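For the sequence shown, the residue numbers in our numbering are -18 to 112.
Here a beta-carbon is modelled for each residue, glycine too, at the ideal position from N, C-alpha and C.
Predicted model only: the values in this text are computed from it and were never measured.
In what follows, a single structure is set out as structure tokens and then discussed.
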Amino acid sequence: MKIRVVSSKEEIQSLSENEEIVHLAFRPSNTDIFSLVVKCPSVKALHIPSSYKKTISKSAKMYLEMQGINLLEGDVWGHRKDINEYSEVSQSVYDRIKDYRNEGLSEEEINEKMVRETRLSPDFIEFLMKQ
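In structure tokens form, the structure reads like this:
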């Protein structure tokens, strides 16, 4: 799964309408969120750092919820935007989730193990398990 990394408000206009997950590396305003959703109608999730997630307004959260868009917290560790505008979740993460399911682990146990193994946030792992 590819995550489009957006570093500034100006980049929102350059997004493809096919983007499904967008990581916002800046503190978005309500207008930025609305613009992104209009520009990318197929977006399934916004991924933002935890410090920024705490400052998202209730109205923006409600808007995203009404649009069926998940608001996920987390960072894109070690990503260099100057090399690639996308960060990617490797197939090995999905394979590991599948292996844990085959072992009979509960969703909560899988989430805990995957958070430790991947350094991804719990809500992002939960999102990936639903895909």
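Quick one: measure Cβ to Cβ for residue i and residue j, integer angstroms, because I've assumed they're closer than 8 Å.
| i | j | result |
| --- | --- | --- |
| Leu5 | Ile(-16) | Contact doesn't hold; Cβ gap of about 11 Å is too wide. |
| Leu109 | Val57 | The Cβ separation is near 14 Å, so there is no contact. |
At what residues does the alpha helix (DSSP H) containing residue i begin and finish?
| i | result |
| --- | --- |
| Ile91 | Glu88 to Thr99 |
| Leu17 | Asn11 to Lys20 |
| Ile106 | Pro103 to Lys111 |
| Lys34 | Ser31 to Lys34 |
In terms of residues, what are the limits of the beta strand (DSSP E) holding residue i?
| i | result |
| --- | --- |
| Val3 | Ile2 to Leu5 |
| Leu53 | Asn51 to Glu54 |
Across which residues does DSSP place residue i in a beta bridge pair?
| i | result |
| --- | --- |
| Ser68 | Ile(-16) |
| Ala26 | Ile2 and Asn51 |
Quick one: what's got a C-beta closer than 7 Å to residue i's C-beta in the same chain, skipping five residues either side?
| i | result |
| --- | --- |
| Glu1 | Ser23, Val24 and Lys25 |
Leaving aside the five residues before and after residue i along the sequence, list all residues of the same chain whose C-beta is less than 8 Å from its C-beta, in chain order.
| i | result |
| --- | --- |
| Asn(-1) | Cys21 and Ser23 |
| Asn83 | none |
Less than 6 Å between C-beta atoms, sequence neighbours within five positions excluded: which residues of the same chain meet that for residue i?
| i | result |
| --- | --- |
| Met95 | Ile106 |
| Leu17 | Ile(-7) |
query = If you pair each beta-carbon of the region 33 to 41 with each one of the region 7 to 24, do three or more pairs fall below 8 Å?
reply = Enough Cβ pairs lie closer than 8 Å, so yes.
inquiry  = Between the region 101 to 108 and the region 41 to 50, can you find at least three pairs of beta-carbon atoms closer than 8 Å?
reply    = Counting Cβ pairs under 8 Å, fewer than three are found: no touch.
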